[in-house]
Each structure stands twice: as C-alpha cells, then as structure tokens.
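Colleague:
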Amino acid sequence: MIQYMLRRSLIGIILLLVYVSILFFLIQLALPGDYVSQFAMGLSNAESQIARETLGLDQPIFQRYLVWISKLLHGDLGISYSAWDVGMPVKDYIIQMLPASILVFGIGTALAFSIGIFLGKVSAWSKGGLLPGVITVSGIAFYTAFPPWLAFLIITFVASRIGLPVFGIASSFRIREPAFKQYEVLWIMLLSLSLIIAAVILINFLLKRFDKKTIPGLLVFILIAVSWVGSWYLMDIQLYALEISKGAILPIITYTLLTFGEVMLLMRTSMAETVHEDYIWTARAKGLKESTIRDRHAARNALLPVMSRMLVSVPYFLTGLVMIERVFNWAGVGSTLFYAVGMQNITLALGMLIVIGVLSMVVRLVLDVLQFYLNPRIREKNIYI
Amino acid sequence: MEKQEAINFILQRLEKNCSESEIAEELSQQMGVPNDIVRKFVDRVAAQNAATTTPVPSSTVQIESLPEPGRAESEGGELPVEAPAPKRGVDDSRILLPVYGKKLVTLNSSERMKIWLQSSWKRFKESWRIFSRNRLALVGLILLLIYVMMALVHPLLMGTVWPKGIYNPETGHDMDIFPHPSGISAKHLLGTDTLGRDVLSVLMAATGPSLMMAFTATITATILGTVIGALSAYYRGMIDGIFSNLADISLLAPAPLIMVIIGFVLDIDPVKFGLIFGILAGIGVVAIVLRSHALAVVSKSYIQAAQVAGGGSLHILMNHVFPHLLPLAAVSMLFTVTGAIFASGFIAFLGLSRAQLNWGSMIYDAFTYEGINGILPWNVLIPSALAISLFAASFYLIALGLQDVVEPRKVERRLRSSA
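For the protein sequence lines, the chains are A and B, in the order given. With this note's numbering applied, the first sequence corresponds to residues 1 to 385, in that order. With this note's numbering applied, the second sequence corresponds to residues 1001 to 1419, in that order.
#1: Does the separation of the CB atoms of A:Leu311 and A:Arg268 fall below 8 Å?
#2: Which one of A:Val263, A:Phe105, A:Leu207 and A:Ala302 has the shortest CA to CA distance from A:Leu190?
#3: Please work out which residues of its chain come closer than 8 Å, Cβ to Cβ, to B:Ala1046, disregarding the five sequence neighbours upstream and downstream, and give them in chain order.
#4: Any beta carbon from chain B within less than 8 Å of A:Phe146's own beta carbon?
#5: Out of A:Lys71, A:Leu321, A:Phe157 and A:Leu202, point me to the one whose CA is closest to A:Ile252's CA.
#6: Against B:Ser1299, what residues of chain A qualify as contacts under a CB-to-CB distance less than 8 Å, listed in chain order?
#7: How would you call B:Gly1282, buried or exposed, if buried means at least 16 neighbouring beta carbons within 10 angstroms?
#8: Listing by chain order, which chain B residues have their CB less than 8 Å from the CB of A:Val322?
#9: Whose C-beta lies closer than 7 Å to the C-beta of A:Ala145 among residues of the same chain, with five residues either side of it excluded?
#10: Using a Cβ-Cβ cut-off of less than 8 Å, give me the residues of the stretch 1308-1332 of chain B that come near chain A, in sequence order.
#11: Rounded to the nearest angstrom, how far is the Cβ of B:Ala1024 from that of B:Asn1008, given a contact under 8 Å?
#12: Taking Cβ-Cβ distances shorter than 7 Å, what residues in chain B pair up with A:Val18?
#13: Using a beta-carbon distance cut-off of less than 7 Å, what residues from the stretch 350-367 of chain A approach chain B?
#14: Buried or exposed: where does A:Tyr233 fall if 16 or more other Cβ atoms within 10 Å of its Cβ makes it buried?
#15: Cβ closer than 7 Å: which chain A residues qualify as neighbours of B:Ser1389?
#16: Are any of the Cβ atoms in chain B nearer than 8 Å to that of A:Arg8?
#17: Is the CB-CB distance between B:Asp1174 and B:Thr1192 below 8 Å?
#18: Let me make sure I understand the geometry here. Which of B:Val1227, B:Thr1222 and B:Val1033 has the alpha-carbon closest to that of B:Ile1316?
#19: In the DSSP assignment, find the unbroken alpha helix (DSSP H) run with A:Leu301 in it and report its ends.
#20: Which bits of chain A does B:Phe1342 rub up against, with CB to CB less than 9 Å?
#21: Spatial neighbours of B:Thr1338 within its chain, please: C-beta separation below 8 Å, excluding the five flanking residues on both sides.
#22: If you run the structure through DSSP and keep just helix, strand and coil, what is B:Asp1240?
#23: Report the neighbours of A:Thr205 on chain B: residues whose CB is nearer than 7 Å to its CB, in chain order.
#24: Are the C-beta atoms of A:Ile140 and some chain B residue less than 8 Å apart?
#25: Name, please, each residue of chain A whose Cβ falls closer than 7 Å to the Cβ of B:Ile1363.
#26: Distance cutoff 8 Å, beta carbons only. Does A:Gly342 sit that close to anything in chain B?
#27: Taking only the alpha-carbon atoms, compute the straight-line gap between B:Val1153 and B:Val1271 and give it to the nearest angstrom.
#28: Output the boundary residues of the alpha helix (DSSP H) element that contains A:Thr156.
#29: Once you ignore the five residues that flank B:His1188 on each side, which residues in its own chain have a CB closer than 6 Å to its CB?
#30: What is the DSSP secondary structure of A:Ile79, reduced to helix, strand or coil?
#31: Quick one: give me the first and last residue of the alpha helix (DSSP H) that B:Gln1118 is part of.
#32: So what does DSSP say about B:Asp1198, is it helix, strand or coil?
#33: According to DSSP, is B:Pro1163 part of a helix, a strand, or is it coil?
#34: Would you say B:Leu1141 reaches chain A, if we count a Cβ-Cβ gap shorter than 8 Å as a contact?
#35: Relative to the alpha-carbon of A:Leu193, which residue among A:Val226, A:Pro216, A:Asn345 and A:Glu53 has its alpha-carbon at the smallest distance?
#36: May I ask you to list, following chain order, the residues of the stretch 1156-1177 of chain B that have a beta carbon less than 7 Å from some beta carbon of chain A?
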C-alpha cells in the first residue's frame, strides 16, 4: 500500500513536470505580447527594454524555459514579475494564498461528500413518496446551477438578511491592525483541524478494535467542529479565527451546494442497484435493523462505483472552486490565478497552476487510499473507474 | 477489367479447349499486364476449375446478373455479352443466404438496405421505449428541442414580425418606453434591459452560439475519446501507457479551468471554443471513461472470433469495437458538456467576451448597469440564469436517459427495485 502510494506519487511528480512544461509553452505562445507590453503607454522604448532585461523576457523562450525548469527542480518557483521593484517570490504567494483555498476546498468537499452520500442513500432507500423525486430534482438543479448566479442568490437572499460579510476576509481587521497576518492564522487553523481529524480517526479506530463500537457519523462532525472552535480559544486566536470563518461561510456553502448534487445523483443510481441484491434480503432475514442494513450492507457496496467516478470528477470540482473564489473575491489560489493570467505574469500563473495540479493530485491520492480501504480487491491494475 | 470478368473470360476460353498459354497471351494484351504474371493467374484458375467438379445444387435459384450501367460502358463491347459462367461465374455482389434447408435466396443491395433499415428502425423503437420510460430524460429532450427552436425562430422573427430597430439583440432600443429597464409587457414579453434591448430577443440570439459550441464540443470529444479509448484498450502496451499518462496530465488541469484561462485572455468564437474544449476533454476524462468500457468490449468472445477468422486490426476496430463504444461515448461526453457551457458562461460573466452574445454576458450586463442606475433588472437576470442552467440540465438529463438505453440491465434492476 505504502509502496504503491510512493510509486503513484513519483509518477505523479513526473507527470506534473511534463504538464508544467506544456503549460509554459502554451501560455507564452498563445498570449499576445508579454508582461511589459501592457505598460507600453507609460514606458519609453528604452525603459521597456530595460524592464524586459531585468525580468529576463528578452531571451528566447527555450532559454527562459531551461532557466525556469532548472530552478523548479531545485524547488524554486521563481519571482513574480513586477514592473516597479523586485517582485515577491511565487513561493510566498503560495504560502499566503493556499490556506484560504484549502479551507474552502477541503471543508466544502468533505461536506459535499457527506451530504451527497447521505441524501443519495436515503432517497434510494425510501420506497415511493415525494422525497426521492424532490431530492433528485433539487440535486440536478444544484448540479446545473450557474456558479455566479447561485452565489448572487445566496448573497441577496441569505447573506444580506443575516449580515454576513460577503467580500474578502476580515477587511475590518486589516484596517484596525495593519500587522494582522491572515494567512498565518489560517495555517494554524488548518493544522489544528487536521490534527483533530487525525485524533478522531484514531479514537474511532481504537474503539472499533477494543469495543466493537464506533462514534456515529453526526457526532463525529459535532465533535470535530466543537474541538476545532475550542482549539482557537486555546491558542488565543479566536478573534481572528472567528472573523475569518465568518467570511468563509458563504464560499463554503456555495461550493458545497454546487458539488453535492453530482455525488448524490451517482450515489442514488448506485444504491438503487444494490437495494435488490441477495445479501440485502439475507440481512433482512437475519432480522437486522433497517438502518444497519442500509448503512453497513447496502451503502458500503454502493460507495465503490461512486468513489471510482469521483477520481475523474474531483478535478472538475476545482474549476468550481476557482469560479467561486473569483466571484466572492476570496483571496485564494483561484483569484490569484485570474489576476496573474490577466496581467500575463507568467511565473505567478504557472505557480498557481502547479498548486492546483498538486491539489488535484493529492485529492486523487486520498481517493485512492479510500478505495483501498473500502475495497481490498482493487489493485493498481484497474485504478481507473 | 475486374478480377471476376477475367475469371469468366478464362473459364469461357477453357471450355473452348484453348491452351493456357494462348489464354494468357490474349489476356495480357487486353489488360496490359506482363505475360508471366497473367500466366500464373490463368494457371491457378485452370487448376481450380479442374478441382471444382461438384455441380451447383439443382434447386439453386439462379438469378441473372443485372448488368450495371457503369461496368457495361467500361467494357465497351470488348467482351462478348455472355451467359453467366456455369460454375464459378455467380455474381459476387450478391450474398447467398441459406433458407429452409438447401434452398438459397439471394439478396441484392437494395434488399439488404431495406433489411438494414427495418432492423435499425426496430432497434430505434426499442431504444426509444427505454428512453421515454425515463420521464426526466423526456423533459431534457423537450428542453433541448425548445432551445433548437429558439435558435431557428429568432432570424425568422427578426425578418418578419420584429422591426429591426427595436428588436436587434445588440443595438435595438425601444423609444416608446421610458424608463428602461421596463417590466413585462405585450410588446416585450420579457421586458427590456437597461439599454432598452428586448430581453427575449437577446435570449434567443444567444441560443445559436451556445448550441454550436455545445455540439462542437460534443462531437470532438466523442470522436477523440472513442478513438483513443478503443486504441489503448485494443493494443495495450505503449499506446495505452502514453494515452493514460496524457489523460492523467489533463486531469491535473481540468478542461473547464483551461478554457476559462484561455477565454480570460483571448476572445475566441464559440466554435473554436467548443473545438478546444472537445480536444481537452476528449484526451482526458472521456478517454479514461471510454477506455474502461473498451476494455470490457475487447475481452468479449466475438472479438476473438473475428481475430481467428482473420480480420485485420483496423477491420476489428472499425466494425466490432467502435459500434459498441459510440453509445457509451455519447453518454460520457454529454456529462462533460456541462463544463463547457459553464466555462463559456463564466468567461462571458466576467465581461471578457463582449463581442459575443451569451447568457453569461447578459448577467454581467445586468450587474454592470446596476452600478449605473441602481436598479437590479430581475427580468434580465432570471431568464438568462435560468436559460444557462436549463441548457446544461437538458444535456445532463438526456445523458441520463441515454445511459438507460446503453445499460438496459441497470434499468431492469431499478424497475424491479421500485416495483
């Protein structure tokens, strides 16, 4: 398993390099002009020539590529272009922008998976009635909703009534405390969240091993949420963290609504096939509780096709994330990518694309592990679908 | 001169007891081919003629060969009009079908065409029965038909009923109404936007490009995905490795994201947009999904039978693998069209493709002009947002129905479980 993961990530890194090289040429050759040419109004010819030389844009593209890729292999993503002074290293951009994206993407995806799988399970299990139809239609409606439109609806009808901050994170804090470094708080928050999740998984594992019991799903969520908020108070960052999480609610809700539909529809179809398997009847005949049959016998088997389909679908969720970040002006990887592409800031754009690629690779790796956990028959041979 | 004619010619001469060398000489003069090559051919035909002494069953229904007009002219009277050669001279363009024991029935091309049409009509009826059982799929089909109607009717309406000055989707303005945006009225069924354009007209004008984009993306992704999936499943090895890794790379940056980035900087027209999206999705997601289906098809026994019967790789791929993959391709590709629609809508929403009419740019306009006069034109926002969502939904719903058609086993199970 570990060997398999190592090999997979090694292949992934090689693929990432190839992908980045393709993008390097694609972006530079497709775009008209370069970074300096958009300031052509304000600069004289000599000045723009100097600017090109300092940025290294006067060299042929192959030479630039070699310089850039050799830096990349040493772990240096280069320096973001800037017309006036020395730009910020791309690495710093990533450190500052990544946590905000991970927060929305991670929590949103986890929520979408749980909600989608639960609703699909329930709607396939219930016989007749209004519920399955309503769930299916609403799932399709959310799946095909235009992201900016959904965001707009949520802002007008939910956020403005409750009084949630819509754009950006904690702008009031930046005015009051100029030294406020939002990304540091975000990193601490993410770290504590992942530690808490690991702890909960460990506790669950131990309980299962010694007591043959597990914590029920809803309780796990409540436990994680409560201890996460508690950890803010322990580390004395509650002022900032609460403000940040207030700003993050809207993007997370929009992202969850956009993505849970697909999971739910897949789960429903897959569950509807499982319902009439023989082992379900056997479980009924044994006299097990309906909820036990549904959760332990039907749902676990129905999950397999959903997970394998998710392997190709989750990268598409990242597009939704980028759109949402742009719409909510959420200071994450997606909005930085738009800014960089718009300015033809090649190194920055490539850095952000690398981050997105790594994110999707990590997610696929996690899904692979989940598949191993759910279905021991699966080996690397038929890892696709 | 075709092979069959040459054989007939040789057989005739052989009956007249000419020697083989004489026939060869005569033939080589007629065909303009060196003598020794023709000699080998004549020898082979003569040997076969000597070997096949068993007569054709007497009950065989012999049908006289219909001289095809093109061939009769090309012969130019060079060969005498002849009775069909007694043993081997049966026209090859007809297929012999054994019916009821020894009686043979021959079919010509028009009859074969008829049978093919009948069988495909039957298959279509069966598929339609399965498709129409899914109510959501029917809704999707009706939605798509409405969109096609909208695209087709708009130029007609512009030409006949709607005056150009008022209803032009880009520059129209209604002087009679003040202030704009106005609500729903008899003259403007969906009202007007802030610039005084008729919302319904803009909505309908934006349908055409979107349809074109969606169809281009669909067709490109289907063709590419099917070919790549079939090739990598059939040949495995190197080809499979290359295409799998390419697909993995394209998953690192999903097609809609790349399209949004491209559209962010370049103003590309819908057809090009669909083409690029189709290529990106075709080598990526669609290829991955289809490869796994193709693996199942390739392992079927009829592929082995075709290989044993001596079919070439190209023949097997074209006649046995692709036909089984195409319906599946239609399904998986329809799922990806949603991404294309949203990507193009999002670019328009950012106000980057101002030259083109798009539902996304309608939303962008609505938000932009809100900043000017402070009125949020709901009669622009709701129709355009609904249009883009329902357009994506129609493709998705049709895909759901097609999935039932392609995988009937699942439908049976589902029906059983719901009963």
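We put the beta carbon where it would ideally sit given N, CA and C, even for glycine.
Modeller: Short version:
#1: no
#2: A:Phe105
#3: Ile1010, Leu1014 and Glu1020
#4: yes
#5: A:Leu321
#6: Result: empty, since nearest Cβ-Cβ is about 12 Å, beyond 8 Å.
#7: buried
#8: Leu1257 and Val1260
#9: Leu258
#10: none
#11: Incorrect: roughly 16 Å between the Cβ atoms, too far for contact.
#12: Ile1249
#13: Leu353, Ile356, Gly357, Ser360 and Met361
#14: exposed
#15: Thr144, Ala145 and Phe146
#16: no
#17: yes
#18: B:Val1227
#19: For the record, residue 301 of chain A in the displayed sequence is Asn; it is not Leu. Looking at the DSSP string, the run of the alpha helix (DSSP H) that includes A:Asn301 is Ala299 to Phe328.
#20: Thr144, Phe146, Pro147, Thr319, Gly320 and Met323
#21: Ala1392, Phe1395 and Tyr1396
#22: helix
#23: Checking the sequence shown, residue 205 of chain A turns out to be Phe, not Thr. Near A:Phe205 there are no residues of chain B at all, since even the closest Cβ is about 31 Å away, more than 7 Å.
#24: yes
#25: Pro148 and Trp149
#26: yes
#27: 21 Å
#28: Counting along the chain, A:Thr156 falls outside any alpha helix (DSSP H), and DSSP gives it neither H nor E.
#29: Asp1198
#30: strand
#31: Ser1109 to Arg1133
#32: strand
#33: coil
#34: no
#35: A:Val226
#36: none
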